[in-house]
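Read the structure below first, then the notes.
There are 2 protein chains.
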Amino acid sequence: LFNNAPGPAYAAAEAVLAPCELVIEAVAEQCVGVKLQVACFERLGAPGWAALHRAARAARERELLVIADAKRGDIAVTAAAYAQAFFGGTSTPFGPVEGLGADALTVNPLLGEDSMAPLAEAARGLGSGLFVLVRTTNPGAGDVQELELADGLSVSERLAELVAQLGVVGDSGLSDIGAVVGATAPERMETLRERMPHASFLIPGVGAQGGAVEALGPAFSPGPAGGLIAVSRGIVSAYERRGGDPAAAARSEAESLRRRAWSLVP
Amino acid sequence: LFNNAPGPAYAAAEAVLAPCELVIEAVAEQCVGVKLQVACFERLGAPGWAALHRAARAARERELLVIADAKRGDIAVTAAAYAQAFFGGTSTPFGPVEGLGADALTVNPLLGEDSMAPLAEAARGLGSGLFVLVRTTNPGAGDVQELELADGLSVSERLAELVAQLGVVGDSGLSDIGAVVGATAPERMETLRERMPHASFLIPGVGAQGGAVEALGPAFSPGPAGGLIAVSRGIVSAYERRGGDPAAAARSEAESLRRRAWSLVP
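Those protein sequences? They're chains A and B, same order as listed.
Our numbering puts the first sequence at residues -9 to 256.
Our numbering puts the second sequence at residues -9 to 256.
Shown next, in the form of structure tokens:
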């Protein structure tokens, strides 16, 4: 299957993995988890997938949660295959094949409840979870998510209801099904929180995409674990603004963001 | 990056590739393309991605179109990375890394127009295209796609309008942006066709999922290339119903479906 001569994809995958490991090491004490953007590995083919597994392992070794940002969503039989890929793995006649072992996966809900159920079940059985896209950070998010429904809700609000139905609330008071709610639309956060009182919010969009930590109060109403602020470019590229050693700059930026986020917790 | 000892994932990926190549060879003269379900490869990690590339190559060698059924959708910067993965590849300091070289990719439109634009541009530059999810085949499709909007349209109908806006119509009269419209909701096909007069419809759901070829007339109103009927389990597992050699059964089933589909073309 493989071309054994390590070509450009192999070299590029090693070059992608190295800074991942550096940043994971640098920020491990400031962060609770690492969100791996699967597309950036996937474009390097098979070596990219090997690097993705290695980056996840590096995060686990530092006791960080692994969030696979893959935004998968498909009919049930295919969703079950994605669950094997990102969570517990696949039984084969040749022996078990490991999955990515993610603690959480981002999921696209356009195909409805039965497309998410196999992913939710697989996650639940392993103490993992899902983050379902409810309100994304991009300028075009409104094209579909902000459409007004006949009953007066927005599509995002209806998605929030689906998330609340799908989740199982544990002793912590938090559901095992969370939601992606971008920091770029803080005015939506309060109404979405009302419809998902127990969901953890995974919150991208702080920093490079323009969102401010200080506007994210409602995310934390269930407590400190109610919000997970996901900052990627802001931390990885911190040295471009702060100067100095990239790892030290990443650590300082993560520390500063952590302090600002904790100040929001009621 | 790789464990060089070929383990279960490697053996399983080879075992998955073998029947793919067999079926591609068997049906090549009855079909115009092959829809590869990316999840089934992805769950085998790096060897699975190598097998996916090999299956695509086998299809190209038989002059079949390669449709990557990956249902990707993300913010623009990430969509650009998915475009590299599935279409033309990635430039790296170590040399170019090949993409899958797909002729088309299935795309999830929940993140709106700017999430699809980088994929559309990459596809267009290579003479490839997209199939955007508009109405899927699964029982839960209605949870989101059939919601009624304040203006009386369904979400699917609004998605159809986005598809029509995004596409560029060529000399053939067909747009380079098509739509996934499942055969399990034939009553929707006519209204969706009205909103997407130039789109090719990729039509899953015939056979194993209960849809009938004979109900798909409106898909073909722009001509024979207006509809691509995607049958996977129905062809691959044809020997379970027809008996005999699996490859011969797959070919017979594909031939029968082809004849019935052509009878619908105006």
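Virtual Cβ for every residue (Gly too), placed ideally from N, Cα, C.
Model, not experiment: these values are computed from the prediction.
1. Cα separation between Leu12/B and Asn128/A?
2. Quick one, are the C-beta atoms of Ala92/A and Ala46/A less than 8 Å apart?
3. Check each candidate in Arg148/A, Glu184/A, Val24/A, Gly233/A and name the one with the smallest Cα separation from Ala58/A.
4. Heavy atom of the ligand COA less than 7 Å from the Cβ of Ala8/B, yes or no?
5. Determine the chain A residues that contact Glu4/B at a beta-carbon separation under 7 Å, and present them in chain order.
6. Run the CB neighbour count on Arg33/B, radius 10 Å, all protein chains shown included, and call it buried at 16 or more, exposed below.
7. Helix, strand or coil: how does DSSP classify Ser227/B here?
8. Return the residue from the list Leu247/A, Ala237/A, Glu245/A that minimises the CA-CA distance to Glu15/A.
9. Could you give the DSSP three-state label for Pro(-4)/A: helix, strand or coil?
10. In this structure, how does DSSP classify Pro86/A when only helix, strand and coil are distinguished?
11. Could you spell out the range, first to last residue, of the alpha helix (DSSP H) harbouring Phe210/B?
12. Check whether the Cβ of Pro86/B lies closer than 8 Å to any Cβ atom in chain A.
13. Using a beta-carbon distance cut-off of less than 7 Å, what residues from the segment 43 to 66 of chain B approach chain A?
14. On the three-state DSSP scale, how would you describe Leu218/A?
15. Do Ala18/A and Leu42/A have their beta-carbon atoms positioned less than 8 Å apart in this structure?
16. Confirm, please, whether the CB-CB distance from Leu192/B to Ser146/B is below 8 Å.
17. Nearest-angstrom Cα distance between Leu247/B and Arg52/B?
18. So what does Leu192/B bridge to, in DSSP terms?
19. Establish whether the CB of Pro236/A and some CB of chain B are separated by less than 8 Å.
20. Thr127/B CB to nearest chain A CB: under 8 Å?
21. Are Leu152/A and Asp64/B close, meaning C-beta to C-beta below 8 Å?
22. Alpha carbon to alpha carbon, how far is Gln20/B from Cys10/B?
23. Going by DSSP in three states, Arg125/A sits in which element: helix, strand or coil?
24. Should Pro214/B and Val255/B be called a contact, given that it needs their Cβ atoms to be closer than 8 Å?
25. From the DSSP output, which residues share a beta bridge with Val97/A?
26. Alpha carbon to alpha carbon, how far is Val56/B from Ala107/B?
27. For chain B, is any of its Cβ atoms less than 8 Å away from the one on Ser227/A?
28. Since Ala169/B contacts Met186/B with CB under 8 Å, what's their CB separation in whole angstroms?
29. Would the beta-carbon of Val122/B fall within 8 Å of that of Val97/B?
30. Answer yes or no: does any C-beta atom of chain A fall closer than 8 Å to that of Arg119/B?
31. List the residues that DSSP assigns as beta-bridge partners of Val56/B.
32. Counting only Cβ-Cβ distances shorter than 8 Å, please list the residues of the segment 19 to 42 of chain A near chain B, keeping chain order.
33. Would Ala94/A and Gly119/A be called neighbours here (beta carbons separated by less than 8 Å)?
34. With DSSP run on the structure shown, which of helix, strand or coil describes Ser253/A?
35. Hey, could you find the ends of the alpha helix (DSSP H) Pro187/A is sitting in?
36. With distances taken Cα to Cα, identify the nearest neighbour of Ala110/A among Phe84/A, Ala60/A, Gly157/A, Arg125/A.
Reading off the structure:
1. Residue numbering aside, residue 12/B sits at position 22 when the second sequence is read from its first letter. Residue numbering aside, residue 128/A sits at position 138 when the first sequence is read from its first letter. Cα to Cα, the separation comes out at about 43 Å.
2. Walking along the first sequence from the start, residue 92/A turns up at place 102. Walking along the first sequence from the start, residue 46/A turns up at place 56. Result yes, Cβ atoms of Ala92/A and Ala46/A sit closer than 8 Å.
3. The count along the first sequence starts at 1 and reaches residue 58/A at position 68. Ranking Arg148/A, Glu184/A, Val24/A, Gly233/A by CA distance to the CA of Ala58/A puts Val24/A first.
4. Questions concerning the ligand COA fall outside what the structure shown contains, since it holds no ligand whatsoever.
5. Position 14 of the second sequence holds residue 4/B. Simply Leu(-9).
6. Here residue 33/B refers to the residue found at position 43 when the second sequence is read from its first residue. Label assigned to Arg33/B: buried.
7. Along the second sequence, read from residue 1 onward, the residue named residue 227/B stands at position 237. Residue state, collapsed to three classes: coil.
8. Residue 15/A sits at position 25 when you count from the first residue of the first sequence. Residue Ala237/A is the option with its Cα nearest to Glu15/A.
9. Within the first sequence, residue -4/A is the residue found at index 6, counting from 1. Three-state result, Pro(-4)/A: coil.
10. For this step, residue 86/A is matched to residue 96 along the first sequence. Strand at Pro86/A.
11. Within the second sequence, residue 210/B is the residue found at index 220, counting from 1. Careful: Phe210/B lies outside any alpha helix (DSSP H) and carries neither H nor E.
12. Locating residue 86/B in the second sequence gives position 96, counting from the first residue. Answer yes: the Cβ-Cβ gap between Pro86/B and chain A drops below 8 Å somewhere.
13. His43, Arg44, Lys61, Gly63, Asp64, Ile65, Ala66
14. As a working mapping, residue 218/A is identified with position 228 in the first sequence. Of the three classes helix, strand and coil, the one that applies to Leu218/A here is strand, per DSSP.
15. For this step, residue 42/A is matched to residue 52 along the first sequence. For this step, residue 18/A is matched to residue 28 along the first sequence. The criterion of a C-beta distance shorter than 8 Å is not satisfied by Leu42/A and Ala18/A.
16. One-based indexing of the second sequence puts residue 146/B at position 156. One-based indexing of the second sequence puts residue 192/B at position 202. Note that the C-beta distance between Ser146/B and Leu192/B is not below 8 Å.
17. By one-based count along the second sequence, residue 247/B stands at place 257. By one-based count along the second sequence, residue 52/B stands at place 62. For Leu247/B and Arg52/B, the distance between alpha carbons rounds to 20 Å.
18. Taking the first residue of the second sequence as position 1, residue 192/B is located at position 202. Paired residue(s): Val170/B, Leu218/B.
19. Within the first sequence, the letter at position 246 stands for residue 236/A. No Cβ of chain B is located within less than 8 Å of the beta carbon of Pro236/A.
20. Within the second sequence, the letter at position 137 stands for residue 127/B. It does; some Cβ of chain A falls within 8 Å.
21. Taking the first sequence and counting its residues from 1, the one referred to as residue 152/A is at position 162. Taking the second sequence and counting its residues from 1, the one referred to as residue 64/B is at position 74. Result no, Cβ atoms of Leu152/A and Asp64/B do not sit closer than 8 Å.
22. On the second sequence, position 30 is the one that residue 20/B refers to. On the second sequence, position 20 is the one that residue 10/B refers to. Those two C-alpha atoms are separated by around 16 Å.
23. Working through the first sequence from its first residue, we reach residue 125/A at position 135. Residue state, collapsed to three classes: strand.
24. Translated into the one-based positions of the second sequence, residue 214/B becomes position 224. Translated into the one-based positions of the second sequence, residue 255/B becomes position 265. Taking 8 Å as the Cβ cut-off, Pro214/B and Val255/B qualify as a contacting pair.
25. By 1-based counting over the first sequence, the position of residue 97/A is 107. In DSSP, Val97/A forms a bridge with Arg62/A, Val122/A.
26. For the purposes of this step, residue 56/B is taken as residue 66 along the second sequence, with counting starting at 1. For the purposes of this step, residue 107/B is taken as residue 117 along the second sequence, with counting starting at 1. Going by the C-alpha atoms only, they are around 21 Å apart.
27. Stepping through the first sequence from its first residue, residue 227/A is reached at position 237. No, Ser227/A does not count as interfacial toward chain B.
28. As a first step, residue 169/B must be located in the second sequence, where it is residue number 179. As a first step, residue 186/B must be located in the second sequence, where it is residue number 196. Indeed they touch by this definition, with Cβ atoms about 6 Å apart.
29. Position 132 of the second sequence holds residue 122/B. Position 107 of the second sequence holds residue 97/B. It is a contact, given that the beta carbons lie within the stated cut-off.
30. For the purposes of this step, residue 119/B is identified with residue 129 of the second sequence, where counting begins at 1. Note that residue 119/B is Gly in the sequence shown here, rather than Arg. Chain A, which has no Cβ nearer than 8 Å to the Cβ of Gly119/B, makes this no.
31. To locate residue 56/B, count along the second sequence from 1; it is residue 66. Val56/B is bridged to Val24/B.
32. Gln27, Ala29, Cys30, Glu32, Arg33, Leu34, Gly35, Ala36, Pro37, Gly38, Trp39, Ala40, Ala41
33. Here residue 94/A is taken as the residue at index 104 of the first sequence, counted from 1. Here residue 119/A is taken as the residue at index 129 of the first sequence, counted from 1. Closer than 8 Å, so yes.
34. Residue 253/A sits at position 263 when you count from the first residue of the first sequence. Residue state, collapsed to three classes: coil.
35. Locating residue 187/A in the first sequence gives position 197, counting from the first residue. That residue, Pro187/A, is in no alpha helix (DSSP H); it is neither H nor E in DSSP.
36. Residue numbering aside, residue 110/A sits at position 120 when the first sequence is read from its first letter. That would be Gly157/A, whose Cα lies nearest to the Cα of Ala110/A.
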